[in-house]
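Protein chains in written order, with the numbering used here: chain A, 336 to 539; chain B, 712 to 1031. A short write-up of the structure that comes next.
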């Protein structure tokens, strides 16, 4: 991120360097356009027979490469770009490992996700959003869920959460950071509809 | 970084530490600068933080479940949920209260559910039948969960058909019997509207003096029944689906007069739209609007229809 765009100047005069987004614009774009693709991306990578931790790494690498490119110019639309990056990364990885003959790599497109298939609905209305978050919350470990409820619903401070749950603040810290990871995985990476039928092939 | 397999876990753990530090507070400018410096070290750091931060922000939605009786919570009048219980039990109960599971917690017998102005709730009955309540609506559900009385407002029914146990909706002096269906029932002053989306249903008037009127409805049918009459017409699919906009929180208008549009908005909002002269009432409008945002609608009407609007506190007046 050494070639970070000059945020202030861009904000002041968007015409001057209209193609380079500011960091905050990049973040906003990443959250809106790229993160919702994570579940599909994981599904795509899973088809290639990668292990779970391998998939996490690949996803992270995809994000890095996508942002490197987007820092110069935000790709529109995002989805084909993200999946092209993922595909190329996967090919690199497979080549390096000498595990899979190159012909197989050429079949990668047949692995699954059509690039023009409609993406997740990014305008989830409030109620559906609440339901999804509730479902994610539901799957947290009991104590972590309790801590999140006290924090987000009752609006307690960390200190008050510790008192209410009868635990030390560093335990509150553990529960909440666990919850942060789990919520991100469930809201972006592994929503239930994808988990239920991981073998469904989508045709282009 | 792609060579080191443990990096992702490590980066995400660091991102979570930053997020936790910020969430715990206090968080000053120096902290923010330190976070930004850490993120500027690599795109991996930045994206890992954005990802966790975005998910954690989405969990803010949960604050909607904070006691907002006018808006969120369904009043389960026959139930045994009490504020005391609500406070004492932690997460699981909170979820149950806000979710459809509230139904199962109720005592046997007839149960009553209502939404307030702007409210919207879904009941799931034991057999999977769903009843979705629109704004300002009251229903009662029989003990066997196969009869629902629509006492006020509007509800959408998605019925699990069971030939042995017909599902019946009672609206005033009218009875809708499901023959495997999705349908919408709306009660207005003096009249009942039933719109059929899937399957078949039968509508009967069962009042003493209204005579025995019946109609069998098929998809696309909209029946209007009053105490003395019943008529059925076909509506184009586009218009029919427009009637379900509220399930997504929107109102959909096709050549709808401003007067009708205002009446629709007024069902969902405490702040009312008033059409102050007849000239404005007959202008027509098309489009999809957020049901809970009359201000936006008024602004748009001003722009598109050239009407004037006047802010009068508890109401917005529209005139030519």
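Glycine included, each C-beta is placed from N, C-alpha and C at the ideal position. Quick caveat: nothing in here was measured; it's all calculated off a predicted structure.
Expressed to the nearest angstrom, what Euclidean distance is found between the alpha-carbon atoms of residue i and residue j?
| i | j | result |
| --- | --- | --- |
| residue 843/B | residue 836/B | 11 Å |
| residue 399/A | residue 369/A | 11 Å |
| residue 770/B | residue 478/A | 16 Å |
| residue 494/A | residue 519/A | 24 Å |
| residue 975/B | residue 1027/B | 14 Å |
| residue 666/B | residue 939/B | There is no way to answer for residue 666/B, as the model of chain B reaches only from 712 to 1031. |
| residue 897/B | residue 930/B | 17 Å |
| residue 404/A | residue 396/A | 12 Å |
| residue 473/A | residue 488/A | 14 Å |
| residue 945/B | residue 933/B | 6 Å |
| residue 524/A | residue 422/A | 18 Å |
| residue 823/B | residue 895/B | 19 Å |
| residue 828/B | residue 1006/B | 17 Å |
| residue 381/A | residue 872/B | 39 Å |
| residue 779/B | residue 746/B | At residue 779/B, the pLDDT of 35 sits below 50, so the modelled position is not reliable and the matter cannot be decided from this model. |
From which residue to which residue does the alpha helix (DSSP H) around residue i run?
| i | result |
| --- | --- |
| residue 359/A | 358-364 |
| residue 498/A | 493-500 |
| residue 756/B | 754-769 |
| residue 397/A | 387-405 |
| residue 826/B | Careful: residue 826/B lies outside any alpha helix (DSSP H) and carries neither H nor E. |
| residue 952/B | 948-953 |
| residue 719/B | 718-735 |
| residue 480/A | 477-483 |
| residue 514/A | 504-519 |
| residue 742/B | 740-751 |
| residue 1032/B | Absent from the model: residue 1032/B. The displayed extent of chain B is 712 to 1031, so no value can be given. |
Whose C-beta lies closer than 7 Å to the C-beta of residue i among residues of the same chain, with five residues either side of it excluded?
| i | result |
| --- | --- |
| residue 902/B | 935, 936, 937 |
| residue 970/B | 986, 992 |
| residue 950/B | 965 |
| residue 496/A | 482, 485, 486, 507 |
| residue 860/B | 850, 851, 881 |
| residue 521/A | 471, 474 |
| residue 997/B | 964, 965, 966 |
Along the chain, where does the beta strand (DSSP E) containing residue i start, and where does it finish?
| i | result |
| --- | --- |
| residue 866/B | 858-869 |
| residue 832/B | 832-835 |
| residue 904/B | 902-916 |
| residue 927/B | 925-928 |
| residue 888/B | 885-899 |
| residue 964/B | 961-968 |
Can you give me the Cβ contacts of residue i inside the same chain, cut-off strictly under 8 Å, excluding the 5 residues immediately before and after it?
| i | result |
| --- | --- |
| residue 821/B | 789, 851, 852, 853, 854 |
| residue 475/A | 483, 513, 514, 517, 518 |
| residue 953/B | 963, 964, 965 |
| residue 1018/B | 969, 991, 994, 1012, 1029, 1030, 1031 |
| residue 831/B | 843, 844, 845, 846, 957, 958, 960 |
What residues in its chain sit with their C-beta under 6 Å from that of residue i, if we drop five residues either side in the sequence?
| i | result |
| --- | --- |
| residue 978/B | 846 |
| residue 1014/B | none |
| residue 1016/B | 994 |
Is it a yes or a no for the region 753-771 of chain B touching the region 498-510 of chain A, going by three-plus beta-carbon pairs under 8 Å? Flag = no, the region 753-771 of chain B and the region 498-510 of chain A do not touch.
Within 8 Å, do at least three Cβ pairs link the region 858-878 of chain B to the region 825-839 of chain B? Yes, they touch.
Any contact of the region 881-891 of chain B with the region 909-918 of chain B, i.e. 3+ C-beta pairs under 8 Å? Yes: the two stretches touch, three or more of their Cβ pairs being nearer than 8 Å.
Cβ contact (3+ pairs, closer than 8 Å) linking the region 490-504 of chain A and the region 742-755 of chain B: Per the Cβ contact rule, the region 490-504 of chain A is not in contact with the region 742-755 of chain B (fewer than 3 Cβ pairs under 8 Å).
Alpha helix (DSSP H) runs contained entirely in the region 992-1019 of chain B, provided each spans 4 or more residues: Whole alpha helix (DSSP H) segments, 4+ residues: 1005-1016.
Would you call the region 356-369 of chain A in contact with the region 400-414 of chain A, where contact means no fewer than 3 C-beta pairs closer than 8 Å? In this structure the region 356-369 of chain A lies against the region 400-414 of chain A, because at least three pairs of beta carbons, one per stretch, are closer than 8 Å.
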